[in-house]
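Please read the structure below before turning to the comments.
In this note's numbering, the protein residues as written are 113 to 508.
This is the structure:
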């Protein structure tokens, strides 16, 4: 059975059922508690009673006994657990029910120790390193004030088209890998699990760093991991600008290929920083904005508002939803316009047109597959009629 949110998986539970949870981390966030497991890539905000229930379940206490313990503690007969259990299941935090492993849940196979550990990356975030970064940024800004240090568009245009294209793709990949490695290093420095995965921006697939573990870190420290990628990009651009400045003032002699590579580096970083500043996609800027607004899932709230338009959403979510809709329309118009222009190409360029269309279709297909792969299953609990009063909303 399929719907818009993925597969629906039915799970049978009775008062004697034992729900086995994955080992989870817990962090306080205001009046609630956040729990999660990095391989589940989902974190839940629980009230203190709900956390107690999850803790008891994690100790392999039967569902019925959990209800009795909480009912006795809170002196109420209205303790009910279904939504909590369904949330734990959909978040990928349940390993098995009554010894039966659940399909689609993350595996806990032994893995090799990560190459980047907190101890190994610590020097990158030390005081001496920060001083060096500041000096490089200052040098880049000073070079930027001299027009002779700006990217040489004439040198780029003078290069052979295929050579320049290959160089551009190589630089783009190198900068992208370095960008994600900076996120990964910053997360490991903060003691957070992180990994690379296939993600998407609207319909377009991207390689991204999974930083969901940052929920276990206090908000003010999250900016380090979210901003590390852009900071590393600006460092590379600053070094390239300084090299172009030295070449323009005849302190060093660079070949045409060297100037072309440095100019392309600056341009690629500039475009990348602009892209990452688009807060209406899940970019670095988006995550910093969501953290500043105190929103746990700003994009999901905005999409829910666009679907249902309830008045319960705060003003900043409604404003963000309008911007998101506008950006999605703009991207769609640009993509359709590009396809129309390719189809209108001359016969001489028909081969190139077919290739471009094929690449575009493949990119969109990968984006759709990535979206489907990241859509988690939705779980529905099936229980005996006598358990109906046990399962429901857990203590408001």
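Heads up, the beta-carbon is just placed ideally off N, CA and C, and yes, glycines get one too.
All figures in this text were calculated on a predicted structure; none of them were measured in a lab.
Asked                                                                                                                                                                                 : Found
So what does DSSP say about residue 240, is it helix, strand or coil?                                                                                                                 : helix
Label residue 413 either buried or exposed according to how many other C-beta atoms from any shown protein chain fall within 10 Å of its C-beta, with 16 as the threshold for buried. : buried
Report yes if the C-beta distance between residue 200 and residue 166 is below 8 Å; otherwise report no.                                                                              : yes
Excluding the 5 residues flanking residue 294 on each side, which residues of the same chain have their C-beta closer than 6 Å to its C-beta?                                         : 340, 341 and 344
Using 10 angstroms around the beta-carbon of residue 338, count the other beta-carbons present and answer buried if the total reaches 16, otherwise exposed.                          : buried
Taking the C-alpha atoms as reference points, what is the distance between residue 139 and residue 203?                                                                               : 16 Å
Rounding to the nearest angstrom, what Cα-Cα distance links residue 326 and residue 170 in this structure?                                                                            : 22 Å
Using DSSP bridges, identify the partner residues of residue 276.                                                                                                                     : Answer is none; residue 276 lacks a bridge partner.
Who are the near neighbours of residue 458 in its chain, counting only those whose CB is closer than 8 Å to its CB and skipping five residues on each side?                           : Note on residue 458: pLDDT 48, under 50, position unreliable in the model; the coordinate value appears next. Nothing meets the Cβ criterion.
Any chance you could list the alpha helix (DSSP H) runs of at least 4 consecutive residues sitting entirely within the segment 365 to 435, in chain order?                            : 368 to 388, 396 to 405 and 410 to 420
Determine whether the beta carbon atoms of residue 430 and residue 411 lie at a separation below 8 Å.                                                                                 : no
For residue 298, collect the residues of the same chain with a Cβ closer than 6 Å to its Cβ; drop the 5 residues on either side in sequence, then sort them by chain order.           : 336, 337 and 340
With distances taken between CB atoms, is the gap from residue 252 to residue 356 smaller than 8 Å?                                                                                   : no
Give me the Cα-Cα distance between residue 244 and residue 350, rounded to the nearest whole angstrom.                                                                                : 12 Å
Tell me whether residue 308 sits in a helix, a strand or coil according to DSSP, three-state version.                                                                                 : strand
Does the Cβ of residue 131 have 16 or more other Cβ atoms within 10 Å, making it buried, or fewer, making it exposed?                                                                 : buried
Identify the continuous beta strand (DSSP E) that holds residue 130 and give its terminal residues.                                                                                   : Here residue 130 belongs to no beta strand (DSSP E), and DSSP marks it neither H nor E.
If residue 348 sits next to residue 301, beta carbons under 8 Å apart, how far is it from one beta carbon to the other, in whole angstroms?                                           : About 20 Å separates the two Cβ atoms, so there is no contact after all.
Going by beta carbon distance, what residues of the same chain come within less than 6 Å of residue 404, once the five residues before and after it are set aside?                    : none
What whole-angstrom Cβ distance do residue 125 and residue 209 have, given they're in contact under 8 Å?                                                                              : 7 Å
Tell me residue 363's beta-bridge partners as DSSP assigns them.                                                                                                                      : Its beta-bridge partners do not exist; DSSP assigns none.
Give me the Cα-Cα distance between residue 242 and residue 235, rounded to the nearest whole angstrom.                                                                                : 10 Å
To the nearest angstrom, report how far apart residue 387 and residue 408 are at their CA atoms.                                                                                      : 22 Å
Just to confirm the assignment, what range does the alpha helix (DSSP H) spanning residue 137 have?                                                                                   : Careful: residue 137 lies outside any alpha helix (DSSP H), inside the beta strand (DSSP E) at 137 to 141.
Alpha carbon to alpha carbon, what distance is there between residue 305 and residue 182?                                                                                             : 33 Å
Cβ atoms of residue 268 and residue 257: under 8 Å apart, would you say?                                                                                                              : no
Under 8 Å by Cβ, that's how I've got residue 159 and residue 144 pegged, so tell me the actual separation to the nearest angstrom.                                                    : 6 Å
Does the distance from the C-beta atom of residue 288 to that of residue 319 stay below 8 Å?                                                                                          : yes
Rounded to whole angstroms, what is the Cα-Cα separation between residue 397 and residue 432?                                                                                         : 13 Å
Within its chain, find whatever has a CB closer than 8 Å to the CB of residue 196; leave out the 5 residues flanking it on each side and keep chain order.                            : 158, 162, 165, 166 and 506
Rounded to whole angstroms, what's the CA-CA distance from residue 263 to residue 329? Just pull it up for me.                                                                        : 40 Å
From residue 435 to residue 368, what does the alpha carbon distance come to, in whole angstroms?                                                                                     : 43 Å
Take residue 292 and list the residues in its own chain whose beta-carbon comes closer than 8 Å to its own, dropping the five residues that flank it on each side.                    : 308, 319, 320, 321 and 341
For residue 377, which of 229, 281, 364 and 391 has the nearest alpha-carbon?                                                                                                         : 281
Could you tell me whether the Cβ atoms of residue 176 and residue 229 are closer together than 8 Å?                                                                                   : no
Based on Cα-Cα distance, which residue from 205, 447 and 418 lies nearest to residue 149?                                                                                             : 205
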